[in-house]
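J.: Anchor point for the sequence shown: position 232 equals 218 in the working numbering, and the numbering is continuous, going up by one each time.
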Amino acid sequence: MTLNLGVCPCCVPPVALSFLSAALVVIISARMFFPRTGKVGKVLRFLTWSCVVMNVLMAGFLVALKSNKDLQDSFFSKLCQKLSSDPAMLPPRCERLGLSTKLAGLNVIEFGPGPGTTFKCFENGTAPKSWVGIEPNSYFREMQDEAAKDLDASMVRSTRWYKAETLELDVASGTFDAAYFTHVLCSVEDPSMVLQQAARALKPGGTLLLMEHVAAPEGTPLRYLQKTLAPILEIVGNGCQWRDTEKILRASWDFEDLRVEPFSADAMPLPFRPHILATATKRQR
């Protein structure tokens, strides 16, 4: 796949300007306050210019990603593949959420399968009867195919390459026994709409399974850290945001037996540790 490397000159994100401003402040401060001679002055000059170079490079990197969706999708696919390969996240995904125990023999739909991370849960006879993925980023195509090599050959697999919140799903209403999300609702434009699409796709009595990283409680140091990093995450994470996903979930769909379990994903970097697991049933009509 060929990348379109055109850069929009008007698409300079504010966070990139912040990095450039910080570089300028460092230069001015160094000239005003740091000694210019001696061993100490030499060390301080090295640290100053190292900081300036890192800030300028980060600003340029963010501008390139923000102004070029094709480049952003390509970068995110590689980042996601690397982060999702951590085996420490398999137990909460496969066992606590139930992807290894609740989907065997069912017709299921996954929203945002990315590189096929959840395929690792379908081993030893636990694979669904059929699996459909809804994924907007086509850079995951080869990664999914590679991840699927060890799947049960009897499982029917297909991926629809479009955004679930902007297009009507190309599936009949009430088709699937289960729908699931893992680390997806943080990055979709309209999570409520995506949940409504999942509700439409499920049969009455069908199961929703969800695992997401979420916003820390307001007023905590961790929430402040998340807000500080949010402008960077939104660019490198392809729109990812720390959200109150439980609130969105409860407001988006009239579930039966909705259960939400907060937990800390200690294997992940600190800002991403607050998580929830959720299970629910579509109401019988």
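Idealized CB from N, CA, C, for every residue including glycine.
Just to confirm, is the Cβ distance from A187 to L235 under 9 Å?
T.: Here residue 187 is taken as the residue at index 201 of the sequence shown, counted from 1. Here residue 235 is taken as the residue at index 249 of the sequence shown, counted from 1. In this structure, A187 keeps its C-beta atom at 9 Å or more from the C-beta atom of L235.
J.: Assuming the contact rule is C-beta atoms closer than 8 Å, T104 and L194 should be a hit. Round their C-beta distance to whole Å, please.
T.: Walking along the sequence shown from the start, residue 104 turns up at place 118. Walking along the sequence shown from the start, residue 194 turns up at place 208. The Cβ separation is near 15 Å, so there is no contact.
J.: Assign D243 to one of two classes, buried (16 or more other C-beta atoms within 10 Å of its C-beta) or exposed (fewer than that).
T.: Walking along the sequence shown from the start, residue 243 turns up at place 257. Classification for D243: exposed.
J.: From what residue to what residue does the alpha helix (DSSP H) around P0 run?
T.: To locate residue 0, count along the sequence shown from 1; it is residue 14. Segment P0 to F19, the alpha helix (DSSP H) holding P0.
J.: Taking 6 Å as the limit between beta carbons, can you name the residues of its chain near C80, skipping five residues before and five after?
T.: Numbered from its first residue, the sequence shown carries residue 80 at position 94. Closer than 6 Å at the Cβ level, and outside the excluded window around C80, lie S86 and C107.
J.: Roughly how many angstroms separate the alpha carbons of G223 and V200, rounded to a whole number?
T.: In the sequence shown, counting from the first residue as 1, residue 223 sits at position 237. In the sequence shown, counting from the first residue as 1, residue 200 sits at position 214. So the two alpha carbons sit approximately 14 Å from each other.
J.: With E128 as the anchor, note down where its beta strand (DSSP E) starts and where it stops.
T.: Along the sequence shown, one-based indexing puts residue 128 at 142. Annotation for E128: no beta strand (DSSP E) segment contains it, though the alpha helix (DSSP H) segment containing it runs R127 to A133.
J.: With H, G and I counted as helix, E and B as strand and the rest as coil, what does DSSP make of L171?
T.: Translated into positions along the sequence shown, residue 171 becomes position 185. In the three-state DSSP reduction, L171 falls in the coil class, being neither helix nor strand.
J.: Alpha carbon to alpha carbon, how far is I13 from P114? Give it in angstroms, no decimals.
T.: Within the sequence shown, the letter at position 128 stands for residue 114. Within the sequence shown, the letter at position 27 stands for residue 13. If you take the alpha carbons of P114 and I13, they lie about 59 Å apart.
J.: Within its chain, find whatever has a CB closer than 8 Å to the CB of P21; leave out the 5 residues flanking it on each side and keep chain order.
T.: The residue labelled residue 21 in the question sits at position 35 within the sequence shown. The beta carbon of P21 lies closer than 8 Å to those of G27 and L30 in the same chain, with the five residues before and after it left out.
J.: Under three-state DSSP, which class holds T267?
T.: Position 281 of the sequence shown, counting from 1, holds the residue named residue 267. It is a strand residue.
J.: Between P78 and V1, what straight-line distance do the alpha-carbon atoms span, to the nearest angstrom?
T.: Here residue 78 refers to the residue found at position 92 when the sequence shown is read from its first residue. Here residue 1 refers to the residue found at position 15 when the sequence shown is read from its first residue. A straight-line Cα-Cα distance of about 34 Å links P78 and V1.
J.: Is the segment 162 to 170 touching the segment 83 to 97 in the sense that three or more CB pairs, one from each, lie closer than 8 Å?
T.: Judged by pairs of C-beta atoms under 8 Å, the segment 83 to 97 touches the segment 162 to 170, as three or more such pairs exist.
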